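*Asks:* Can you read through this structure? Questions will come right after.
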Amino acid sequence: MRNKLVVGLILGLLVAGCHEREPSPLEPQSNAPPLPVPYQIATPNAIRAPQQVVEAANQINAYTAIMVPYVTLAQQSQPQPTDSGWVWPFNMGMLSAKLIAKRKGDTTRWEVRLSGNDGYRTYNNWLALEGETSSTHQRWVRYSEESNAPIAKVLVDKLAGGKVKVLVKAAGTACTYRAEVQSDSTTTVECVRNEKVTFRAQWKPGKRGEMVYGAVSENAKKVTWRD
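Its first residue numbered 263, the sequence shown is counted upward by one per residue in this note's numbering.
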């Protein structure tokens, strides 16, 4: 969104935080699916680790939390039942918005739709974000206001043994990020550009970290740090 909408979002958060809503009698809260919570990787030491690695981790976490601005506002309202699921109505500045949930078994599909005029363009039930969550995965796609094309895709897969894989592909990043987190919080991040790995970093909070430029080999340039 444009700056005006961002300002409106911040003001909306401040106002919403000052008022408590009465529970809605229309829908028992326990029947609605829980609102999505972003998966976040452990970030490396911001002082000791190479700046590229710190920025990569921060960008990954920013995109895995792509739903947070909408969820933060939506949670100020009570979910209302629909024929196919639930809807949380809320406002984003001058726009009216709704977070829609449709649950099937362990999986919930999510949509954020906007309507109104923000001073730059008019929205008519426009799909801003869609996703899917379950106990084992998250999928998110963010769309462009100008072209309606996907501008960010986020995949999170929780595997056996506590391993988690993350993929972030977005127009606003220097590369496609691949992350893998082990059960002991050891984190590996790769930056992939034009199908080539430009750097690979691995660290464990409180332990050692290493960054390798380009393809991993004996002659590759390496940087290490104490995390």
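Note that CB positions come from ideal geometry on N, CA and C, so glycine has one too.
Every value quoted in this text rests on a predicted model; they were computed, and no experiment measured them.
Spatial neighbours of valine 443 within its chain, please: C-beta separation below 6 angstroms, excluding the five flanking residues on both sides.
*Replies:* Walking along the sequence shown from the start, residue 443 turns up at place 181. Listed in chain order, the non-local C-beta contacts of valine 443 below 6 angstroms within the same chain comprise Ile303, Val426, Thr449, local neighbours out to five positions each way being set aside.
*Asks:* Could you work out which residue in Arg365, Ala336, Gln337 is closest to threonine 344 when comparing CA atoms only?
*Replies:* The residue labelled residue 344 in the question sits at position 82 within the sequence shown. Nearest option by C-alpha distance: Arg365.
*Asks:* Is alanine 432 helix, strand or coil by DSSP?
*Replies:* Counting from 1 along the sequence shown, the entry for residue 432 is found at position 170. Strand, per DSSP.
*Asks:* For the candidate residues Thr398, Ser358, Ile309, Arg455, whose alpha-carbon lies nearest to that of proline 298?
*Replies:* By one-based count along the sequence shown, residue 298 stands at place 36. Among Thr398, Ser358, Ile309, Arg455, the Cα nearest to that of proline 298 is on Thr398.
*Asks:* Excluding the five sequence neighbours on either side, which residues of its own chain have a C-beta within less than 6 angstroms of the C-beta of threonine 438, listed in chain order?
*Replies:* Within the sequence shown, the letter at position 176 stands for residue 438. Closer than 6 angstroms at the Cβ level, and outside the excluded window around threonine 438, lie Lys431, Val454.
*Asks:* Under three-state DSSP, which class holds alanine 308?
*Replies:* Taking the first residue of the sequence shown as 1, we reach residue 308 at position 46. Coil at alanine 308, not helix or strand.
*Asks:* Would you kindly work out how many angstroms separate the C-alpha atoms of lysine 483 and glutamate 457, rounded to a whole number?
*Replies:* The count along the sequence shown starts at 1 and reaches residue 483 at position 221. The count along the sequence shown starts at 1 and reaches residue 457 at position 195. Straight-line Cα distance between these residues: approximately 20 angstroms.
*Asks:* When you compare only the Cα positions, how much space is there between valine 315 and lysine 466?
*Replies:* Position 53 of the sequence shown, counted from the start, is the residue given in the question as residue 315. Position 204 of the sequence shown, counted from the start, is the residue given in the question as residue 466. Approximately 13 angstroms, taken between the alpha carbons.
*Asks:* Expressed to the nearest angstrom, what Euclidean distance is found between the alpha-carbon atoms of arginine 383 and glycine 355?
*Replies:* By 1-based counting over the sequence shown, the position of residue 383 is 121. By 1-based counting over the sequence shown, the position of residue 355 is 93. Near 13 angstroms, if we compare the C-alpha coordinates of glycine 355 and arginine 383.
*Asks:* Going by DSSP in three states, isoleucine 362 sits in which element: helix, strand or coil?
*Replies:* On the sequence shown, position 100 is the one that residue 362 refers to. In this structure, isoleucine 362 counts as strand in the three-state DSSP scheme.
*Asks:* Am I right that glycine 471 and alanine 463 are in contact with their C-beta atoms under 8 angstroms? What's the rounded C-beta distance?
*Replies:* Position 209 of the sequence shown, counted from the first residue, corresponds to residue 471. Position 201 of the sequence shown, counted from the first residue, corresponds to residue 463. The pair is a contact, with the Cβ atoms about 7 angstroms apart (cut-off 8 angstroms).
*Asks:* Within a Cβ cutoff of 7 angstroms, which residues of the same chain sit near tyrosine 325, ignoring the five residues on either side of it in sequence?
*Replies:* As a first step, residue 325 is located in the sequence shown; it is residue number 63 there, counting from the start. Once the five neighbours on either side are set aside, the close Cβ partners of tyrosine 325 are Ala414, Val416, Val430, Ala432.
*Asks:* Would you call glycine 468 buried or exposed, if buried means 16 or more other Cβ atoms sit within 10 Å of its Cβ?
*Replies:* What you label residue 468 is simply residue 206 of the sequence shown in a count that begins at 1. It counts as exposed.
*Asks:* Starting from the N-terminal side, write out each stretch of the beta strand (DSSP E) that is 3 residues or longer and does not extend beyond the region 404-476.
*Replies:* With a minimum length of 3 residues, the continuous beta strand (DSSP E) runs that stay inside the region 404-476 are 412-420, 426-432, 438-443, 449-455, 458-465, 470-475.
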